[in-house]
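Student: Below: one structure in structure tokens.
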Amino acid sequence: MSARAPRTVVVDDSRFMRGLIADILESDGVEVVGEAADGREALSVVADTDPDVVTMDVEMPEMNGIEAVERLMAENPTPTLMLSAYTAEGAEETFAALDAGAVDFFAKPGGEVSMGVSRMEEQLVETVRSVASADVSRAGRRRRSEAATAATAGATQASPSASTAGGSAGAAVEPNTTLVIGSSTGGPDAVERVVSALPGDADLRGVVVQHMPEAFTGRFANRLDDACELSVREAEDGMRLGRGELAVAKGGHHLEITNARDGRLRLSVIDEERGEGVRPSVNVTMESAADVVDDPLIGVILTGMGGDGSDGVQALSRVGARVLAQDEDSCVVYGMPKRAAATGAVDTVLPLDDIAAGITGERA
């Protein structure tokens, strides 16, 4: 991607919202080369303008955003940012759009709170620029299912034990190992691919910190729980985690590990600013783990924009924890792993599909 501002198509059935989004983007130097009122029109506009990025509403007449993303990725793959309602229903639709190939999502305000977008305009512009630089071939569960199957088959041939749940992969994990995973843009799918490859009998417990709003994280935890052999729940204040359990940090809150004893973690959900710019913050969780966990500790930084986690991995490294980061080639956005690696605190950089084996010790 060149240094020029990304060329953008804005898709929304509301004329007011299209204008508002276009004004915000253009005021910060992002060129809007086209607009569309529904998914069907969007396909035509994208084909005519060949933009770098599309902002896509979810609920639209004629053709909704989910179907539009599916068609777009099949006909003219273009990095797409979903504008989603931050509700439980919106979460279901947004995850479907991410599965179809959308790269990320952003708050879709409505009614009296529409001007909330203006207050978050800097974040919106940053997200659009980040999505524009994403590797769209790595986004979307459906689009990559065949590739993932092929990669799994290759891993099985190269290292049979690594793919056998409950085999040597489980035995390779040191007793009472705590795992902290951090991710952002492209993270929902990346986290799922990592945790679904972890053996259910591994002596692991830990947390996932994904930049995601509060209405989404419960659904994300359920999604992970369905996909893997570990037990996954949304974090609650005072929750205890034992062997084979993971918690997903609650959106809009920070998550701290406040105690680690007898192989169990105690969690604290915190509703306050910590000067990190995002909630939940990977830094906050990793730093708390470094403070209280004396047993083996592993930190993982996956795809995402920005630098959250770079302070956290340094805290982990100082206490002797093992730190892994996703490599550039397999990232949707190589931001967080790049910043983490630049600190010198990352021990191993791996392709996404090797991260689980790196956690279990199947890979050096």
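The numbering of the sequence shown is my numbering, which starts it at 78 and goes up by one. The beta carbon of each residue, even a glycine, is placed where N, CA and C say it ideally should be. These numbers were taken from a predicted model, which means no experiment stands behind them.
How about Val370 and Ala402: are their beta carbons less than 8 Å apart?
Tutor: Against the sequence shown, residue 370 aligns to sequence position 293. Against the sequence shown, residue 402 aligns to sequence position 325. No.
Student: According to the Cβ coordinates, are Thr294 and Leu332 closer than 8 Å?
Tutor: On the sequence shown, residue 294 is found 217 positions in, with the first residue counted as 1. On the sequence shown, residue 332 is found 255 positions in, with the first residue counted as 1. No, Cβ-Cβ distance for Thr294 and Leu332 is not below 8 Å.
Student: From the DSSP output, read off the bridge partner residues of Ser260.
Tutor: Translated into positions along the sequence shown, residue 260 becomes position 183. In the DSSP output, where bridge partners are listed per residue, Ser260 has Gln287.
Student: Could you please give me the residues that DSSP links to Val361 through a beta bridge?
Tutor: Here residue 361 is taken as the residue at index 284 of the sequence shown, counted from 1. Note: Val361 sits in no beta bridge, so no partner.
Student: Out of Glu103, Val257, Leu102, Glu251, state which residue places its alpha-carbon closest to the alpha-carbon of Val400.
Tutor: Working through the sequence shown from its first residue, we reach residue 400 at position 323. Measuring from the Cα of Val400, the nearest candidate turns out to be Val257.
Student: Between Val409 and Val109, what straight-line distance do the alpha-carbon atoms span, to the nearest angstrom?
Tutor: Counting from 1 along the sequence shown, the entry for residue 409 is found at position 332. Counting from 1 along the sequence shown, the entry for residue 109 is found at position 32. When rounded, the distance between both Cα atoms is 23 Å.
Student: So, with DSSP's three-state summary, where would you put Leu318?
Tutor: Counted from its first residue, the sequence shown places residue 318 at position 241. Reduced to three states, the DSSP call for Leu318 is strand.
Student: Give me the residue from Val202, Ser260, Arg84 with the minimum Cα distance to Asp129.
Tutor: As a working note, residue 129 is residue 52 in the sequence shown. Out of Val202, Ser260, Arg84, Arg84 has the C-alpha closest to the C-alpha of Asp129.
Student: Would you call the CB atoms of Leu429 and Ala267 closer than 8 Å?
Tutor: On the sequence shown, position 352 is the one that residue 429 refers to. On the sequence shown, position 190 is the one that residue 267 refers to. Yes, Cβ-Cβ distance for Leu429 and Ala267 is below 8 Å.
Student: What are the boundary residues of the alpha helix (DSSP H) that Met94 is part of?
Tutor: Indexing the sequence shown from 1 puts residue 94 at position 17. 92–104 is the extent of the alpha helix (DSSP H) around Met94.
Student: Give me the Cα-Cα distance between Val286 and Ala418, rounded to the nearest whole angstrom.
Tutor: In the sequence shown, residue 286 corresponds to position 209, counting from 1. In the sequence shown, residue 418 corresponds to position 341, counting from 1. Using only the alpha carbons, I get a separation of about 18 Å.
Student: Ignore the nearest five residues each way along the sequence and tell me which others in Ala174's own chain have a CB closer than 7 Å to its CB.
Tutor: The residue given as residue 174 occupies position 97 in the sequence shown. The residues are Val135, Gly142, Ile143, Val146, Met159.
Student: Taking just the CA atoms, how far does Asp89 sit from Thr262?
Tutor: As a first step, residue 262 must be located in the sequence shown, where it is residue number 185. As a first step, residue 89 must be located in the sequence shown, where it is residue number 12. Their Cα atoms are separated by approximately 22 Å.
Student: Under 8 Å by Cβ, that's how I've got Thr126 and Ile98 pegged, so tell me the actual separation to the nearest angstrom.
Tutor: Along the sequence shown, read from residue 1 onward, the residue named residue 126 stands at position 49. Along the sequence shown, read from residue 1 onward, the residue named residue 98 stands at position 21. Taking the Cβ atoms as the reference, Thr126 lies roughly 16 Å from Ile98, outside the contact range of under 8 Å.
Student: Reducing DSSP to helix, strand and coil, say where Glu353 ends up.
Tutor: Residue mapping note: residue 353 aligns to position 276 of the sequence shown, counting from 1. Glu353: coil per DSSP, three-state reduction.
Student: Where does Phe93 land, buried or exposed, given buried means 16+ other C-beta within 10 angstroms?
Tutor: On the sequence shown, position 16 is the one that residue 93 refers to. The residue is exposed, with fewer than 16 neighbouring Cβ atoms inside 10 Å.
Student: In the DSSP assignment, what residue or residues form a beta bridge with Asn299?
Tutor: Sequence index remark: in the sequence shown, residue 299 carries index 222 (1-based). Beta-bridge pairing links Asn299 to no other residue.
Student: Whole angstroms is fine: what's the gap from Gly187's alpha carbon to Ala434's?
Tutor: Locating residue 187 in the sequence shown gives position 110, counting from the first residue. Locating residue 434 in the sequence shown gives position 357, counting from the first residue. Its pLDDT being 49, under 50, Gly187 is placed unreliably in this model, and the value from its coordinates should be taken loosely. The alpha-carbon atoms of Gly187 and Ala434 are separated by roughly 44 Å.
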